[in-house]
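K.L.:
Have a look at this one.
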Amino acid sequence: MRRDNIADYRIRRWYAQEQEVLANETYQSDDGSPLRKILIAAAIRNPYAGRFSEDLSEIIEGSDKLGEEFARRILAALGGAQAESYGKACVVGSAGEYEHGNAFITARFATPIRAVLPGAKEWIPSTGKRSGPGGLIDVPLAHVGELYARAYYDTVSAYFDDAPNADEVIVVFAVATRGRIHARLGGPEVAPLAAV
1 MRRDNIADYR IRRWYAQEQE VLANETYQSD DGSPLRKILI AAAIRNPYAG
51 RFSEDLSEII EGSDKLGEEF ARRILAALGG AQAESYGKAC VVGSAGEYEH
101 GNAFITARFA TPIRAVLPGA KEWIPSTGKR SGPGGLIDVP LAHVGELYAR
151 AYYDTVSAYF DDAPNADEVI VVFAVATRGR IHARLGGPEV APLAAV
C-alpha cells in the first residue's frame, strides 16, 4: 500500500498541532497541570468533488481504517497522557458538499478512536464547513465520559495553510488532557481518568 493511501483514500498531507496552556486568559496559573490540546488532521481527496451522488459509500466504507490511523497518531501525540475531552470536524473544499465532509466523520470513523481512549463512551461533538486553502475551524470539545461536565466544554482552533484544495476534505480530530484552567461554572464533577 502506498503511504498516502488508507483504504481507498488518497491522503495528500497530515497535520499535527499542539498547544500547552499554562495559565488562563487573566494569567492565573494552571491549577494542577497544564492543559494540552492536540489536533490531528488529514487533507484527503474527495471522490465526490464536482458531482452529486445519493450514495456516499466511497467515503463511508473505509472510514474505520482512517479512524484507526487517527487513533494511532493521537496516542503517539499524547505520549502516555490521558485524553479527557474530544471533538471532530471537517473542512470541505469548494468543489464538494458539506455532506461529503460529514460522511468522513461518522461513528464508523470515530469508533476506533473512542476504543483506544479509556473512559470514552460519550457522543463526540462535531462541526464542519466549506472553505478554501488557509481554512480555519474551531473544533468543539466535551468530556469523553460525561457529556454534561461543563468544565470540559472548550474549543481547539485549527489553521491549514494550504488546504483544502477544491477537491479535498480535511478530516480533523482533537483531544485535550483536562478541562479548562480555573473552570468554575458548576455542572457534574468528574474524576481524572487513569493514564493510558
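Going by full-length UniProt numbering, the sequence shown opens with residue 1, and the numbers climb by one from there. Ideal Cβ positions, reconstructed from N, Cα and C, are used throughout, including at glycine.
Short of 8 Å in beta carbon distance, which residues of its chain neighbour residue 133, apart from the five on each side in sequence? Order them along the chain.
P.N.:
On the sequence shown, residue 133 is found 133 positions in, with the first residue counted as 1. 160, 161, 162, 163, 164, 165, listed in sequence order.
K.L.:
Ordered along the chain, which non-local residues of its own chain (more than five positions away) have a Cβ less than 8 Å from that of residue 148?
P.N.:
Translated into the one-based positions of the sequence shown, residue 148 becomes position 148. 187, 188, listed in sequence order.
K.L.:
Where DSSP assigns a beta bridge to residue 173, which residues make up the other side?
P.N.:
Within the sequence shown, numbered from 1, the residue matching residue 173 stands at position 173. 40, 88.
K.L.:
I'd like the list of long-range same chain contacts for residue 56, defined as Cβ closer than 6 Å, with 5 residues on each side in sequence excluded.
P.N.:
Taking the first residue of the sequence shown as position 1, residue 56 is located at position 56. Hits under 6 Å: 103.
K.L.:
Taking only runs of the alpha helix (DSSP H) that begin and end inside the stretch 6-72, which ones reach a length of at least 4 residues, in chain order?
P.N.:
Runs found: 57-60.
K.L.:
How big is the Cα-Cα spacing for residue 48 and residue 135?
P.N.:
Counting from 1 along the sequence shown, the entry for residue 48 is found at position 48. Counting from 1 along the sequence shown, the entry for residue 135 is found at position 135. If you take the alpha carbons of residue 48 and residue 135, they lie about 20 Å apart.
K.L.:
Can you tell me whether residue 101 is helix, strand or coil according to DSSP?
P.N.:
By 1-based counting over the sequence shown, the position of residue 101 is 101. Helix, per DSSP.
K.L.:
Sort 86, 60, 114 by Cα distance to residue 101 and report the nearest one.
P.N.:
Residue numbering aside, residue 101 sits at position 101 when the sequence shown is read from its first letter. For residue 101, the nearest C-alpha among the options comes from 60.
K.L.:
Here's the rule: buried if 16 or more other CB atoms are within 10 angstroms of the residue's CB, otherwise exposed. What is residue 177?
P.N.:
As a working note, residue 177 is residue 177 in the sequence shown. Residue 177 comes out buried.
K.L.:
Report yes or no: do three or more beta-carbon pairs, one from the stretch 151-158 and one from the stretch 84-96, lie closer than 8 Å?
P.N.:
yes
K.L.:
Helix, strand or coil for residue 74 per DSSP?
P.N.:
Here residue 74 refers to the residue found at position 74 when the sequence shown is read from its first residue. Looking at residue 74 - three-state DSSP - the assignment turns out to be helix.
K.L.:
At the level of alpha carbons, what is the spacing between residue 182 and residue 109?
P.N.:
Taking the sequence shown and counting its residues from 1, one reaches residue 182 at position 182. Taking the sequence shown and counting its residues from 1, one reaches residue 109 at position 109. Approximately 33 Å, taken between the alpha carbons.
K.L.:
Report the CB separation of residue 36 from residue 107 in whole angstroms; it is logged as a contact under 8 Å.
P.N.:
Taking the first residue of the sequence shown as 1, we reach residue 36 at position 36. Taking the first residue of the sequence shown as 1, we reach residue 107 at position 107. Actually they are not in contact, since the Cβ atoms of residue 36 and residue 107 sit about 26 Å apart, beyond 8 Å.
K.L.:
Alpha carbon to alpha carbon, how far is residue 79 from residue 28? Give it in angstroms, no decimals.
P.N.:
Mapped onto the sequence shown, residue 28 falls at position 28. Mapped onto the sequence shown, residue 79 falls at position 79. Residue 28 and residue 79: Cα-Cα distance of roughly 26 Å.
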